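Everything below concerns the one structure shown next.
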Amino acid sequence: MQMIELHSIYKTYHIGDLAVPVLKGISLVVARREFVAVMGASGSGKSTLMNILGCLDRPSSGEYRLDGQELSRLSADERALVRNHRIGFVFQNFNLLSRTSALDNVIMPLTYTAENLPDREARQRAVEMLHRVGLGDRLNHEPSQLSGGEQQRVAIARALINRPSILLADEPTGNLDSHTSEEVLEIFQQLNEKQGITVILVTHDTGIARHAGRIIHIRDGVIENDGFVAQRMHGSSQPEREHNSDSSGTQESETGGVR
Amino acid sequence: MKVYRTVRTALRALRRNPMRAALTMLGIVIGVAAVIAMMEIGNGSSAAIQNTIASMGAGSLMVMPGTAAIGGVSSGAGGVRTLTPQDCEAILRECSAVRSAAPVVQARTQVVYANRNWVPFFIYGTTPVYLDIRDWNTLAEGEMFTDRDIRNANKVCVLGQTLVRELFQGESPIGREVRVKNVSFRVVGVLGSKGANMMGMDQDDILLAPWTTIKYRVAGSSLTNVNQSSASSSTSSSVNSLSQLYPSSQLNLYPIPSATQAADTPQPVRFTNVDTIMVAAQSTSEIPLAIQQMTELLRERHRIHAGEPDDFNIRNMAEMIKALTSATALMTKLLLCVALISLVVGGVGIMNIMLVSVTERTREIGLRMAVGARARDILRQFLIEAVVLCLAGGALGILLGHGGSYLVRVILHWPIETSLAAIIAAVLVSASVGIIFGYYPAWKASRLDPIEALRYE
């Protein structure tokens, strides 16, 4: 079973009487443990695609299956549950709560989980997540006391706190310099390889090719190009590639993305 | 558990922006403080007004003997004498709504000291509780006569200010003797000044003495002359002007019956009577109950059958009671208006700042939704924030209002009265203001679209 299956997703926004089609039939399959980069010019519909993938928005038509579960017809509350349990979000502008310690920022999503974790356990888990992103010594720093890269790492820890199987990142390096971008992408890659988390990120950075296993180009609401990166900079992507090859075999090919 | 967690989240959110929280609270703080201060000062003033009116006699009742019509001729109020000192004792003992009761025997005659004389408006024979009933607790000099003086019919008296001025002219009257109808009374005390009553009568023109002394030594009835049924019973000196001409003699309007005549027409023997019984109710509001209890008791004691008219009248100061209750009601309504206005102002303040806060925190709301908060989680969080603010503001307001009214008492010497009801009401109202005025902003926050909210700058 595939992690994510999209079948001819359409999304049209209505501004007054004007219908603005943004996504015009996207079909996509992402397997478990994949690292996908979505690229495209601004206005191409990649953010809308991310919102639909992240269950923040519903497609106008089409099917979206996550782990085999059809999500496009869920109620708002059910989608909130999916966001809380299965999806981790990382934003371009970090979106950390100001004047709140890194630790409390990371704990925040647990407030909305149905299972009530005892305070101590929640804290312990948050500390563990911060250690994982290399901020073990910055637990009680507030966002204003952290650098951009550190803030984004806190945001990643926050995304991981509910142990999601997918991490969605909308231009996570957009506000960072090239050096810290590299560090952050490094973290994504490690999470992908060591924890087996499926990562989908939107980026403008062509250097991403060194980290991602698959790059999808979107243009005017359709997939223009969907290709696997033959050689990763940082080693063994062999299992992923095998994984990917069967998914691409059924759904996409280098040219099959365009419909 | 969930609520506790939400409260903690709300507290964290408030702590992140203490200035905004303080400003939000300010409205409710001022509202509640105004309510508490107004209630305390208003209650104090109201109580002071009530006390003033009560001291004018609004709380007191007078039991008068009823009228008697014999063969169609009414003798007017007081025409028959039906009240006894035992009635007074029974009223005090058996009527729960009665605080105190005192018999009063009246006389009107000349009071002489040395070469000066004066006819005081009131010469009252009574008991020491009379002063308590009249709210006349301050004696300028000396002290009140005692119950022992009453038992012994001692010739002692207490004088009002006017009488002292007329008879003594600056001398201290304590220990001096004044003559009332040729009976010498030793002055034991001087009453404090009370001024004119509502009819304009000088209440200081008074001589108080034990009722037994007035009854038996001054008013002319003696223990051997207790048969009150004939016309002689009403020959008190105040009525018979001829007695002024012959001060020490009782004038008989009718021929004295011979022993045979007396034996032929036996008169019912009655106990000694009093002219009036003054009664104080436990409180102004219990006056109707006191009247009802006394009516039942006196009808029973006087053996009046159902359907027969009372042989006594109970008078209250209806006009003054009306003034009293209307003053109290007006005060309460005024306070209520002030309280409502200030709380609505506070509530609108809270709503405004909460609305601003929702706009300002749009991104945060979007983020919370993105990590899995449902609309109702957001609604609850903002609602609880508002309620927490209101409750904290309410608590602060109570302290501030209490402190304010305390200052007013210390600096301006106004009477204040702490009211627990006002405090409880303030807490309840501030919580409900939080819910009512916090609901709209919270609802607005919960309706945000997470994508729009996240993109909001």
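Sequence order for the protein chains is A and B.
0 is the number of the first residue of the first sequence in numbering that gives the first Met the number 0; add one for each residue after it.
0 is the number of the first residue of the second sequence in numbering that gives the first Met the number 0; add one for each residue after it.
Quick reminder that beta carbons are idealized off the backbone N, C-alpha and C, glycines included.
These figures come from a predicted structure and were not determined experimentally.
Assumed close pair residue i, residue j - CB separation to whole angstroms, cut-off 8 Å
| i | j | result |
| --- | --- | --- |
| N104/A | N161/A | The Cβ separation is near 14 Å, so there is no contact. |
| A152/B | P209/B | 6 Å |
| C94/B | M316/B | With a Cβ gap of about 18 Å, C94/B and M316/B do not count as contacting. |
| Q105/B | D274/B | 5 Å |
| L129/A | A101/A | 6 Å |
| N50/A | I450/B | 5 Å |
| V344/B | G26/B | 7 Å |
| F184/B | C156/B | 4 Å |
| V330/B | S45/B | What sits at residue 330/B in the sequence shown is Met, not Val. Correct: roughly 4 Å between the Cβ atoms. |
| L82/B | P119/B | 23 Å between Cβ atoms; not a contact. |
Span separating the alpha-carbon of residue i from that of residue j
| i | j | result |
| --- | --- | --- |
| L335/B | P440/B | 28 Å |
| V97/B | M277/B | 11 Å |
| I410/B | Q151/A | 60 Å |
| S233/B | M37/B | Bear in mind that a pLDDT of 42 at S233/B, under 50, signals an unreliable position, so the model cannot answer this. |
| R209/A | L190/A | 15 Å |
| M200/B | L395/B | 52 Å |
| I35/B | A425/B | 8 Å |
| N196/B | A326/B | 19 Å |
| A113/B | G188/B | 18 Å |
| P17/B | L10/B | 10 Å |
| V225/B | T271/B | Because the pLDDT of V225/B is 37, which lies under 50, any placement of that residue in the model is unreliable, and the question is left without a value. |
| Y455/B | T361/B | 7 Å |
| S247/A | Q1/A | Model confidence at S247/A stands at a pLDDT of 41, short of 50, so the residue's coordinates are unreliable; what they give is reported in the following sentence. Looking at the two C-alpha atoms, the distance is approximately 11 Å. |
| I29/B | E363/B | 30 Å |
| E239/A | I196/A | Its pLDDT being 42, under 50, E239/A is placed unreliably by the model, and nothing is read from it. |
| A154/A | S97/A | 12 Å |
| S231/B | L190/B | Low per-residue confidence applies at S231/B: pLDDT is 40, beneath 50, and the placement is therefore not dependable, though the value from the model is reported in the following sentence. Each residue's Cα considered, the two are about 34 Å apart. |
| L457/B | L55/A | Within the shown structure, residues of chain B are numbered from 0 to 456, placing residue 457/B beyond reach of any answer. |
| A444/B | I377/B | 7 Å |
| W117/B | T126/B | 23 Å |
| W442/B | I165/A | 31 Å |
| G403/B | L138/B | 36 Å |
| P58/A | N224/A | 21 Å |
| T5/B | L48/A | 32 Å |
| E416/B | E39/B | 5 Å |
| K10/A | S43/A | 12 Å |
| V31/B | M353/B | 19 Å |
| I25/A | I215/A | 11 Å |
| T108/B | Y123/B | 11 Å |
| E4/A | F34/A | 15 Å |
Range of the contiguous alpha helix (DSSP H) that encloses residue i
| i | result |
| --- | --- |
| H84/A | A75 to R85 |
| R115/B | First-last for R115/B: R115 to W117, but that is the beta strand (DSSP E), not the alpha helix (DSSP H). |
| S257/B | S257/B -> no alpha helix (DSSP H), and no H or E assigned at all. |
| R362/B | T361 to A369 |
| G400/B | A374 to L406 |
| M293/B | I286 to R300 |
| D86/B | P84 to E93 |
| N224/A | Premise fails: N224/A lies in the beta strand (DSSP E), V221 to F227, not in any alpha helix (DSSP H). |
| S46/A | K45 to L52 |
Continuous beta strand (DSSP E) stretch holding residue i: start and end
| i | result |
| --- | --- |
| Q105/B | V97 to A106 |
| A279/B | T275 to A280 |
| I423/B | Note, I423/B: premise wrong, no beta strand (DSSP E); alpha helix (DSSP H) at L419 to S445. |
| M63/B | S59 to P64 |
| D131/B | Taken as a continuous stretch (DSSP letters only), D131/B belongs to no beta strand (DSSP E), being part of the alpha helix (DSSP H) at V128 to I132. |
| R314/B | F311 to N315 |
| K181/A | It should be noted that the sequence gives Glu, not Lys, for residue 181/A. Unbroken run through E181/A is the alpha helix (DSSP H), S177 to Q189; no beta strand (DSSP E). |
| R213/A | R213 to R218 |
| G135/A | Per DSSP, G135/A belongs to no beta strand (DSSP E) and is neither H nor E. |
| P414/B | Neither: P414/B is in no beta strand (DSSP E) and is coded neither H nor E. |
| I8/A | I3 to I14 |
Chain-ordered chain C contacts of residue i [CB-CB under 7 Å]
| i | result |
| --- | --- |
| L55/A | Of the protein chains in this structure, namely A and B, none is chain C. |
Tell me the start and end of each unbroken alpha helix (DSSP H) in the segment 144-193 of chain B that is at least 4 residues and wholly inside, in chain order.
146-150 and 160-167
If you measure beta-carbon to beta-carbon, which residues of the segment 32-50 of chain A are closer than 8 Å to chain B?
N50
Could you please tell me which residues of the segment 87-119 of chain A, in chain order, have their CB closer than 8 Å to any CB of chain B?
F88, F90, N94, L96, S97, R98, T99, D103, M107, P108, T110, Y111, T112 and N115
Contacting positions in the segment 129-144 of chain A - beta carbon closer than 7 Å to chain B
none
Near-chain B residues of the segment 64-76 of chain A - C-beta to any C-beta below 9 Å
A75 and D76
Ignoring anything shorter than 4 residues or poking outside the segment 98-125 of chain A, list the alpha helix (DSSP H) runs there in chain order.
101-106
Output the residue ranges of the beta strand (DSSP E) runs that lie fully inside the segment 140-175 of chain A and measure 3 residues or longer, sorted by chain position.
165-169
Check each residue of the segment 366-400 of chain B: if its Cβ is closer than 8 Å to any Cβ of chain A, include it; give the result in chain order.
L366, R367, M368, A369, V370, G371, A372, R373, A374, R375 and D376
Against chain B: residues of the segment 2-17 of chain A by CB proximity under 7 Å:
none
Quick one: which residues of the segment 427-456 of chain B get their C-beta closer than 8 Å to a C-beta of chain A? List them in chain order.
P449, I450 and L453
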